[in-house]
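Comments concern the structure below.
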Amino acid sequence: MILEARNLSVAYPLPRGLISRPAPLTVVHDVSFRLERGKTLGIVGESGCGKSTLGRALLHLLPAAKGEVLWAGENPAQMAPETLRKARAKRQIIFQDPIAALDPRMTVLKSLTRPLATFEPGITRAESRDRAAEVLQRTGLSADYLARYPHELSGGQAQRVGIARALIARPEVIICDEPVSALDVSIQAQVVNLLLDLQEDLGLALVFISHNLAVVRQMADEVMVMCLGRVVEQAPAEAFHLSPQHPYSQALRQAVPEPDPLAERSRRGKALQGELPSVHAPPPGCVFASRCDRARPECRTTRPELAPRGAALVACPY
Amino acid sequence: MARSPFRLALARFLKNRMAVACTLLLALIVALCFLGPLFFPFTGEDSDFDNISAPIDLFSAHPFGTDDFGRDLLVRVMEGGQVSLTIGFLGALAAGVIGTLYGAVAGFAGGRLDRLMMAAVEVLYGFPYVILVVLLSMLLGGGNIALFAAIVFTLWLTPATIVRAQAQSLARREFIEAARAGGMTNTAIVLQHIVPNTMVLVLVYGSLLVPEVILSESFLSFLGIGIKEPQASWGNLIEAGTAQMETDLRLLALPGGLLALVLFSLNFIADGLRDAFDPKERL
């Protein structure tokens, strides 16, 4: 198992006042999954549901508040600092804003080769340059781009550089945090295909974080739906796309427009009604109850746990 | 083909005529102060007892005359300029380096360490400047080193707060997360990502810091706790000049005028740098 989360919760400390000592704000609750080599876990949910935070915690860029992350069976929180730094080579991340993900004062060459200086200390300058040119070509950019600065790249080019940087130390897992949502639609498809090719060739495991169900459908083997920091449905991708079980998953699914205009016109499009609860005051019951058209009184008071339904795990008994 | 953000800014700076003119003027004054005395057979501390308080006579041995000890005024002003400019640039450099590192660490670390470090800065801000200089002079036994230390000690605070604010916003940027995922240590991230990205700010602020240091030096020398006679600095030359300004204005006008020119051109250079590195431009 290349990446595993066991009952993982992640919290942010809140600023302390003069007297008040607020408890840390938990934004991800009790997430568990297992990810194998060459597979993709899709994480979907609306803005602010904690999916990016979860991604950071999987790389141990944020500490786990409860539960644990396992990297090939080992808990990064228990590694010695040196071991942890070396182990990071196998777990990389690509970001939503591709330009912000590159240091504006570094050339592409410098951005790409910097991780090699850490992970393969003995490497010569010429070797690391060759490696940089190689991964850059792998992502579809010529070696000419090595001399460029981020401000001379388009969004799609910068994202390819970001992917090349993630690849250069030969990783096993890449966390893709909304990697295409900042790109033009025409570029999105190219980047998605690039990721799929790389995954096939290199046996990468991907965690694909997105709010775009159509993209997740193309990428994922397993889908995890998050709402307000909690997993409400976790299912194999095929089953999920055929029939999402949780009312929130169904609402997400209905928000995807149909390509056929006739089908789109007759689609029962209904926008979600009701308020999204605040993360600072999460409801005692189901996280979706305030917006759910099937909510019953008990939904607002007791939180349903994830329970098996068919191939899926669903946090809704109805 | 590839143009670094720095080279782009340099190109913009070179298009700013006022800033370029001021850079040349400053270079000229620096060259004058450091090379000028070589053309005279005496130093600014040698007295010419045949020509005491000689007036301006551009074609004599003492073009701008002598002071009441018979010392050549032009040579003294040039030698004083060496001291003032050296303290100015070195002081700004030292204050800039210390402030940058301090601010970068505080801003990047955040949390409790940041609060502690910035509280220390606030306390030092509140410390009366002149008393600090006197104290340091006593501690370090006076002299130029004590003066220099005192100036740097008070002037690194502002660059520290400026850099800290910038470091705080940089620390949240995604390329910093990428660097951590790339296995970099915090020290390496601060030195290789945070500090280089604050250099623009520090450069602009540093060019304003140079006149500030020169002014502090002049002010302290003027008060008599800076550079001591017979060594000249613009500060103590101006002080000596003000004592006689009603009878002989040139003793004040020459060092004062040069100091004013240097401050003036540094301000325009700083302005030009700020425009060239305008954060609204894509950097």
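From first to last, the protein sequence lines stand for chains A and B. So for the first sequence, this note's numbering puts the first residue at 1; every next one is plus one. So for the second sequence, this note's numbering puts the first residue at 1; every next one is plus one. By construction, the Cβ of each residue, glycine as well, lies at the ideal position given by its N, Cα and C atoms.
Limits of the unbroken alpha helix (DSSP H) element including residue i
| i | result |
| --- | --- |
| Pro297/A | Pro297/A -> no alpha helix (DSSP H), and no H or E assigned at all. |
| Tyr12/A | Unbroken run through Tyr12/A is the beta strand (DSSP E), 3 to 12; no alpha helix (DSSP H). |
| Glu239/B | 234 to 243 |
| Arg309/A | Taken as a continuous stretch (DSSP letters only), Arg309/A belongs to no alpha helix (DSSP H), being part of the beta strand (DSSP E) at 307 to 309. |
| Cys22/B | 17 to 35 |
| Glu264/A | 261 to 266 |
| Arg253/A | 247 to 254 |
| Tyr102/B | 73 to 109 |
| Ser221/B | 195 to 223 |
| Ile19/A | Element bounds for Ile19/A: n/a, residue is neither H nor E. |
| Thr185/B | Note, Thr185/B: premise wrong, no alpha helix (DSSP H); not H, not E. |
| Pro41/B | Per DSSP, Pro41/B belongs to no alpha helix (DSSP H) and is neither H nor E. |
Residue i: first and last residue of the uninterrupted beta strand (DSSP E) it sits in
| i | result |
| --- | --- |
| Tyr145/A | Here Tyr145/A belongs to no beta strand (DSSP E), and DSSP marks it neither H nor E. |
| Ala68/A | The amino acid at residue 68/A is misidentified as Ala; the sequence shows Glu. Where Glu68/A is concerned, the enclosing beta strand (DSSP E) stretches over 66 to 71. |
| Met219/A | It is not in any beta strand (DSSP E) - Met219/A instead sits in the alpha helix (DSSP H) that spans 213 to 219. |
| Ser4/B | Here Ser4/B belongs to no beta strand (DSSP E), and DSSP marks it neither H nor E. |
| Leu206/A | 205 to 210 |
| Val232/A | 230 to 236 |
| Glu222/A | 222 to 227 |
| Val28/A | 25 to 35 |
| Ala312/A | 312 to 314 |
Residue i: CB within 7 Å of a non-hydrogen atom of the ligand ATP
| i | result |
| --- | --- |
| Ala166/A | The model depicted lacks the ligand ATP and carries no ligand whatsoever. |
Residue i to residue j span [Cα, whole Å]
| i | j | result |
| --- | --- | --- |
| Leu38/B | Phe127/B | 42 Å |
| Met199/B | Ala104/B | 11 Å |
| Ala164/A | Ser111/A | 10 Å |
| Arg282/B | Ala94/B | Reliability fails at Arg282/B, whose pLDDT of 42 lies under 50, so the model's placement of it is uncertain and the value that follows must be treated cautiously. Cα to Cα, Arg282/B sits roughly 29 Å from Ala94/B. |
| Pro76/A | Ser207/B | 46 Å |
| Phe268/B | Ala276/B | 12 Å |
| Gly42/A | Ala220/A | 5 Å |
| Ala214/A | Ala100/A | 25 Å |
| Ala149/B | Thr113/A | 40 Å |
| Ala281/A | Val204/B | 45 Å |
| Arg250/B | Leu25/B | 21 Å |
| Gly310/A | Glu238/A | 12 Å |
| Leu206/A | Thr158/B | 46 Å |
| Gly183/B | Ala80/A | 13 Å |
| Pro304/A | Glu36/A | 28 Å |
| Met1/B | Gly229/A | Any answer about Met1/B is weak, because its pLDDT of 46 lies below 50 and its placement is not dependable; what the coordinates show is given next. Whole-angstrom Cα-Cα distance: 47 Å. |
| Gln199/A | Val223/A | 17 Å |
| Glu239/B | Leu153/A | 57 Å |
| Thr83/A | Pro317/A | 44 Å |
| Arg76/B | Gln192/B | 44 Å |
| Gly203/A | His241/A | 24 Å |
| Thr66/B | Met78/B | 13 Å |
| Gln157/A | Val225/A | 30 Å |
| Leu73/B | Gly241/B | 11 Å |
Under 7 Å from the C-beta of residue i: neighbouring residues of chain A
| i | result |
| --- | --- |
| Arg180/B | Leu61 |
| Ser4/B | Tyr149 |
Residue i: contacting residues in chain B (beta-carbon distance under 9 Å)
| i | result |
| --- | --- |
| Pro115/A | Ala178, Ala179, Ala181, Gly182, Gly183, Met184 |
| Gln92/A | Ala178, Ala181, Gly182 |
| Phe119/A | Gly182, Gly183 |
| Lys86/A | Gly183 |
| Arg165/A | Ala178, Gly182 |
| Ala100/A | Arg173, Glu174, Phe175 |
Contact list for residue i against chain A, beta-carbon separation under 8 Å
| i | result |
| --- | --- |
| Glu212/B | Within 8 Å Cβ-Cβ: nothing; Glu212/B doesn't reach chain A, min ~27 Å. |
Assumed close pair residue i, residue j - CB separation to whole angstroms, cut-off 8 Å
| i | j | result |
| --- | --- | --- |
| Ala289/A | Cys299/A | 4 Å |
| Leu132/B | Thr154/B | 6 Å |
| Val69/A | Ala5/A | 6 Å |
| Ile284/B | Val134/B | This structure leaves residue 284/B out entirely; chain B is present only between 1 and 283. |
| Thr107/A | Leu146/A | 7 Å |
| His151/A | Ser181/A | Not really, about 21 Å apart at Cβ, beyond 8 Å. |
| Gln159/A | Pro98/A | 4 Å |
| Thr80/B | Trp234/B | Checking the sequence, you will find Gly at residue 80/B rather than Thr. Confirmed, about 5 Å. |
| Ile227/B | Leu136/B | About 15 Å separates the two Cβ atoms, so there is no contact after all. |
| Leu136/A | Arg180/B | The Cβ separation is near 22 Å, so there is no contact. |
| Asn7/A | Lys66/A | 7 Å |
| Ile175/A | Gly38/A | With a Cβ gap of about 16 Å, Ile175/A and Gly38/A do not count as contacting. |
Cross-chain neighbours of residue i in chain B, by beta carbon under 7 Å
| i | result |
| --- | --- |
| Arg129/A | Per Cβ cutoff of 7 Å: no residues; Arg129/A is ~15 Å from chain B at best. |
| Ala89/A | Gly183 |
Partners in chain B for residue i, counting only beta-carbon separations shorter than 8 Å
| i | result |
| --- | --- |
| Asp97/A | Glu174 |
(request) Kindly provide the ranges of any beta strand (DSSP E) runs that are 3 or more residues long and lie completely inside the region 123 to 201 of chain A, ordered along the chain. (result) 173 to 177
(request) Could you pull out every unbroken beta strand (DSSP E) segment of at least 3 residues lying fully inside the region 39 to 116 of chain A, listed in chain order? (result) 40 to 44, 66 to 71, 91 to 94
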